[in-house]
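Take a look at the structure set out below.
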Amino acid sequence: MQLSPDGRLAAVVNAGWGQNSVQLLDAATGQLLDTQVVPAAWAGLAFAPDGRTVYASGGQHNRVHCFRVEGQKLRPDSALVLGTKWPKQKIGVAGLAVDGPRNVLYAVTREDNSLYTFDLKTRRILRTIKLPAEAYGALLSPDGARLYISLWGGHAVAVYDIARQQLLPTIPVESHPNDMALTRDGRRLFVANANSNSVSVIDTRLGRVTETLNTALFPASPAGSTPDGVALNGDDTQLYIANADNNCLAVFDVRDPAASRPLGFVPTGWYPTTVRVAGAQLLVVNGKGSISKANPNGPNPVHDDGEKGAGYIGGLLGSSLLRLPLPDAAALATFSAQVYANTPFTKAREASPEVPAGSPVPQRVGEASPMKHVFYIIKENRTYDQVLGDLPAGNGDASLCLFPEKVTPNHHALTRDFVLLDNFYVDAEVSADGHNWSTAAYATDFVEKTWPGNYSGRGGNYDFEGNRGEVAEPKDGFLWDYCKRAGRSYRSYGEFVYKGKASVPSLVGHFCEGYAGFDLDVKDVDREKVWEQDFDRLVAANALPDLSIIRLPNDHTYGARKGQLSPLSYAADNDLALGRLIEHLSKSPVWKESVVMIVEDDAQNGPDHIDAHRSTAYLVGPYVRRHAVVHTAYTTSGMLRTLELILGLPPMSQYDAAALPLWACFTNKPNFSPYNLRPATTPQDVRNTAFNAPARRSLKFDLSREDAAPDLAFNENIWQAVRGEHSRMPAPRRSAAVREAKQNEAEEEDED
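Going by our numbering, the sequence shown runs without a break in its numbering and finishes at 1251.
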């Protein structure tokens, strides 16, 4: 959102999964004046200095939309074109700034990492300058001498000298700089750092940071506040900061350039992305609105080119505008109390999670656990009902079960021999962020703001598993980075490994080279054989790592594609591999000190009668309760918190720091009995033979990488491959909230 130079109007760009648009609002009342639909948009937005034109980013369509402001209407004008749209050219328009006296527009990009300068008379590109990293925002100094560019992927602000048409030395800030605000005299620049819970205050004359403001609710908090919007009030005395993941504004008194002072917090809607000051009021845009929505009518129809169903989760997240008077001290005190009441994260919970004394899961980081080796298995994309909906002991719907006990006997046996979790939810919103949540308990602002373009078919770089570099990663890294800092040994089997190479530096030398990553042409049973050989070698050498991260991806399946293994055979292969792995481990010398944790990276928004985020999760080991059913609501972050406590790792984000550990699934009376493999009861070599409508649709899916296929359409494809060409997949269900049952009321007694 940007305000017109006279402050009367506000322009808003909507760049989510659904319909993209540029809107014009009355800044004083919030009244919507006009909406212009555009084929693609993103965060860049600027008024011309005379207020007569609005320029908006065209995102991956690689253009800048232009609109004349005529009264209270937007009139489309010819666009400024940077290149042909994705994927022919990968440019990605981000921040915009207009230089009125020179009659030029500056556009920075996040794919080809460049600064484009347009002549607004001829509408042609005057010059293009390469930037050091992916860019986010562009802000012109009041005197028009310099352009400040936040380098989203470079923890720095680039400075462009306009007269000399060259870049000056960058100014280092913290991780993921995005939105910026300048004082009226241009002497101080405020830069939001989404990945660092901070705002950097830059003295533009000195060209360096003179203050860093902590925007989190508590000092020294882990990642998870995600500041991504900043605004100054009219006299530059107060700074308002949008904390996207804390759902609040942080407010600072910034009158003293050497000693800014925190004033409090203001509650907002869900994931605020922009804050602006319009006269005596605050305007806040909440990127995800106020609440999740149900989709009782389902995501019908599903088109072949992406997630086009009206009930798809990306389309259920609607934005909202919050308007309120600039708060005085009394209002800030009340607002701050509400913000603290809202947050599930506290420093006390971070230091001492809710684990009772005597549990094999430590109460605090650094305390000893009898479990010395964690085997963390990450699978792909199933809801609870799709696999375990046929279990009478759990809260399942057998009509939604695609892979019942006949197909997955070992998955079912693990829930009977150990713990059945029927109220477990993945944190991932969609497939794109699944492996980030599963290994970092966090989705960065980059992930949140780029998956909608990719999933909607508008374009964008999908790779969020290491190959994008710094811009796609949490500031302090992933599980393996935390192990490295804590002196814990670790080894990856296919996770963040692509074509035999580690995709992040900290995994170099810490992965099994013969173990295949995501590749549907490799059977999971063959992966398991490689793991067995490597495991036996490490055990014999007394070199078994503390943490083994093991990828068993074939429950993803190939859908209905002709000639490929059927979904049932893929699921059976995945089941047999898992059973063999656990049996082999349970009959090894290290079983007495081991625990196995199994999650799906995401639920792929599939059918489930409770919620499309409800998924399967399993715990296996001597210290895991036997023959138990636990109904407590748990999450991916809670699983990670449990893993961290066992290995002595601190939380990676505010999400796992606040999450409930799965201590109720453990016992301090170990049972060292081994697990006995259940033989396969479904063939693992049956291939799809029909070339029907689902098979033809499956040809359009990109299955070369995990989760690259549109998840809703692919889910329906799997459903029809199993249930028949003309069967209709039930609509995914979305719950606005999940009620956490009390531990003592939620658990059934052990059977033995």
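We treat Cβ as the ideally placed atom computed from N, Cα and C, and that holds for glycine.
Q. Whose C-alpha, out of Gly933, Val536, Arg704, is nearest the C-alpha of Gly517?
A. Residue 517 sits at position 18 when you count from the first residue of the sequence shown. Relative to Gly517, the option among Gly933, Val536, Arg704 whose CA is nearest is Val536.
Q: Thinking Gln559 and Ala539 are a contact (beta carbons under 8 Å), I'd like their distance in whole angstroms, please.
A: Taking the sequence shown and counting its residues from 1, the one referred to as residue 559 is at position 60. Taking the sequence shown and counting its residues from 1, the one referred to as residue 539 is at position 40. Their Cβ separation, rounded to whole angstroms, is 6 Å, which keeps Gln559 and Ala539 in contact under 8 Å.
Q: Give a yes or no on whether the C-beta atoms belonging to Thr682 and Gly728 are separated by under 8 Å.
A: One-based indexing of the sequence shown puts residue 682 at position 183. One-based indexing of the sequence shown puts residue 728 at position 229. No, Cβ-Cβ distance for Thr682 and Gly728 is not below 8 Å.
Q. By Cβ distance below 8 Å, which residues in the same chain neighbour Leu604 in space, the five residues on each side in sequence not counted?
A. In the sequence shown, residue 604 corresponds to position 105, counting from 1. The beta carbon of Leu604 sits closer than 8 Å to the beta carbons of Ala545, Tyr554, Val563, Leu579, Leu595, Ala596, Val597, Asp598, Thr616, Phe617, Leu619 from its chain, once the five residues preceding and following it are set aside; these are given in chain order.
Q.
Considering only the alpha carbon of each residue, which of Thr669, Ala743, Tyr739, Ala777 lies closest to Ser695?
A. Looking up residue 695 in the sequence shown gives position 196. Ranking Thr669, Ala743, Tyr739, Ala777 by Cα distance to Ser695 puts Ala743 first.
**Q.** Nonlocal neighbours in the same chain, by C-beta distance under 7 Å from Ala1040, ignoring five residues either side
**A.** What you label residue 1040 is simply residue 541 of the sequence shown in a count that begins at 1. Leaving aside the five residues that flank Ala1040 on each side, none in its chain has a CB nearer than 7 Å to its CB.
Q: Please state whether DSSP places Gln501 in a helix, a strand or coil.
A: Within the sequence shown, numbered from 1, the residue matching residue 501 stands at position 2. Strand, per DSSP.
Q.
If you reduce the DSSP assignment to three classes, tell me which class Arg645 lands in.
A. Numbered from 1 along the sequence shown, position 146 holds the residue referred to as residue 645. Of the three classes helix, strand and coil, the one that applies to Arg645 here is strand, per DSSP.
Q | Coil, strand or helix - Arg771 by DSSP | A | Taking the first residue of the sequence shown as 1, we reach residue 771 at position 272. In the sequence as presented, Arg is not what sits at residue 771; that position holds Pro. Strand, per DSSP.
Q | Chain-order list of residues whose beta-carbon lies under 8 Å from that of Val946 (same chain, five-residue window excluded) | A | By one-based count along the sequence shown, residue 946 stands at place 447. Within the same chain, Val946 has close Cβ partners Ala931, Asp932, Asn935, Phe963, Ala971.
Q | DSSP state of Phe874 mapped onto helix, strand, coil | A | Here residue 874 corresponds to residue number 375 of the sequence shown, with the count starting at 1. Under the three-state reduction of DSSP, Phe874 is assigned to strand.
(Q) Less than 7 Å between C-beta atoms, sequence neighbours within five positions excluded: which residues of the same chain meet that for Gln780? (A) As a position in the sequence shown, residue 780 is number 281, starting the count at 1. For Gln780, where only same-chain residues beyond five positions count, the Cβ hits under 7 Å are Arg822, Leu823, Pro824, Leu825.
Q: Could you have a look at Tyr941 and say whether DSSP puts it in helix, strand or coil?
A: On the sequence shown, residue 941 is found 442 positions in, with the first residue counted as 1. If DSSP states are grouped into helix, strand and coil, Tyr941 belongs with coil.
Q: Tell me, please, which residues DSSP counts as bridged to Phe689.
A: The count along the sequence shown starts at 1 and reaches residue 689 at position 190. DSSP lists Ala680, Val700 as partners of Phe689.
Q: Tell me whether the beta-carbon of Gly1016 lies closer than 8 Å to the beta-carbon of Tyr997.
A: Locating residue 1016 in the sequence shown gives position 517, where the first residue counts as 1. Locating residue 997 in the sequence shown gives position 498, where the first residue counts as 1. Yes, the Cβ-Cβ distance between Gly1016 and Tyr997 is below 8 Å.
Q) Cα separation between Ala793 and Pro1231? A) In the sequence shown, counting from the first residue as 1, residue 793 sits at position 294. In the sequence shown, counting from the first residue as 1, residue 1231 sits at position 732. Because Ala793 carries a pLDDT of 49, less than 50, the predicted location of this residue cannot be relied on, and the following value inherits that uncertainty. Straight-line Cα distance between these residues: approximately 9 Å.
Q. With burial defined as no fewer than 16 other Cβ atoms inside 10 Å of the residue's Cβ, what is the status of Gly958: buried or exposed?
A. By 1-based counting over the sequence shown, the position of residue 958 is 459. Buried.
Q. Would a C-beta distance cut-off of 8 Å place Val838 and Asp1074 closer than the cut-off?
A. To locate residue 838, count along the sequence shown from 1; it is residue 339. To locate residue 1074, count along the sequence shown from 1; it is residue 575. Asp1074 is positioned such that its CB atom lies no closer than 8 Å to that of Val838.
Q | DSSP bridge partner residues for Val568 (one or two, in chain order) | A | Against the sequence shown, residue 568 aligns to sequence position 69. Leu573, per the DSSP bridge assignment.
Q) Would DSSP call Gly986 helix, strand or coil? A) As a working mapping, residue 986 is identified with position 487 in the sequence shown. DSSP, read as helix, strand or coil, puts Gly986 in coil.
Q. How is the alpha helix (DSSP H) around Ile1109 delimited, first residue to last?
A. To locate residue 1109, count along the sequence shown from 1; it is residue 610. Run containing Ile1109: none; DSSP gives neither H nor E here.
**Q.** Delimiting residues of the alpha helix (DSSP H) encompassing Gln837
**A.** What you label residue 837 is simply residue 338 of the sequence shown in a count that begins at 1. Boundaries of the alpha helix (DSSP H) around Gln837: 828-841.
Q | Secondary structure of Val753, DSSP reduced to three states | A | Numbered from 1 along the sequence shown, position 254 holds the residue referred to as residue 753. Of the three classes helix, strand and coil, the one that applies to Val753 here is coil, per DSSP.
Q) Got a sec, what are the start and stop residues for the alpha helix (DSSP H) Thr1135 sits in? A) Indexing the sequence shown from 1 puts residue 1135 at position 636. Looking at the DSSP string, the run of the alpha helix (DSSP H) that includes Thr1135 is 1135-1146.
Q: Helix, strand or coil for Val607, going by three-state DSSP, please let me know.
A: For this step, residue 607 is matched to residue 108 along the sequence shown. Collapsing the DSSP output to three states places Val607 in a strand.
Q. What is the residue span of the alpha helix (DSSP H) that Gly1078 lies within?
A. Locating residue 1078 in the sequence shown gives position 579, where the first residue counts as 1. Under the DSSP assignment, Gly1078 falls in the alpha helix (DSSP H) whose first and last residues are 1066-1085.
Q. How many whole angstroms separate the CB atoms of Gly1105 and Asn1214, which I take to be in contact at a CB cut-off of 8 Å?
A. Position 606 of the sequence shown, counted from the start, is the residue given in the question as residue 1105. Position 715 of the sequence shown, counted from the start, is the residue given in the question as residue 1214. At roughly 5 Å, the Cβ-Cβ gap stays under 8 Å, so Gly1105 and Asn1214 are in contact.
Q) Do Thr882 and Ala1220 have their CB atoms nearer than 8 Å? A) As a working mapping, residue 882 is identified with position 383 in the sequence shown. As a working mapping, residue 1220 is identified with position 721 in the sequence shown. Against a cut-off of 8 Å, the Cβ pair of Ala1220 and Thr882 comes out as no contact.
Q: Kindly indicate which residue of Leu1161, Leu1211, Lys787 has the alpha-carbon position closest to the one of Ala1111.
A: Reading the sequence shown from its first residue, position 612 is the one you call residue 1111. Considering only alpha carbons, the answer is Leu1211.
Q) Relative to the ligand SAH, is the shortest distance from any of its heavy atoms to the C-beta of Thr709 smaller than 7 Å? A) The ligand SAH is not part of this structure, which contains no ligands at all.
Q. Going by alpha carbons, who is nearest to Pro445 out of Thr1134, Pro1066, Val1089?
A. Residue 445 lies beyond the residue range present for the chain, which begins at 500 and ends at 1251; the question has no answer from this structure.
Q | Same chain only: Cβ atoms within 8 Å of Pro973, ignoring 5 sequence neighbours per side | A | As a first step, residue 973 must be located in the sequence shown, where it is residue number 474. Asn694, Ala722, Asn935, Ala939, Tyr941, Thr943, Met1151, Ser1152, listed in sequence order.
Q: Would you check if the region 1051-1059 and the region 877-894 touch, i.e. whether three or more CB-CB distances between them fall below 8 Å?
A: Taking a cut-off of 8 Å for Cβ pairs, the region 877-894 and the region 1051-1059 touch, as three or more such pairs fall below it.
Q. Can you tell me the Cα-Cα spacing of Gln737 and Asp1020, whole angstroms?
A. In the sequence shown, counting from the first residue as 1, residue 737 sits at position 238. In the sequence shown, counting from the first residue as 1, residue 1020 sits at position 521. Looking at the two C-alpha atoms, the distance is approximately 58 Å.
(Q) Among the candidates Asp734, Lys1199, Thr725, whose CA atom is the shortest distance from the CA of Ala741? (A) Counting from 1 along the sequence shown, the entry for residue 741 is found at position 242. Just measuring C-alpha positions, the residue of Asp734, Lys1199, Thr725 sitting nearest Ala741 is Thr725.
Q) Can you check whether the CB of Ala1132 is closer than 8 Å to the CB of Asn894? A) The residue you call residue 894 lines up with position 395 of the sequence shown. The residue you call residue 1132 lines up with position 633 of the sequence shown. Cβ atoms of Asn894 and Ala1132: not closer than 8 Å.
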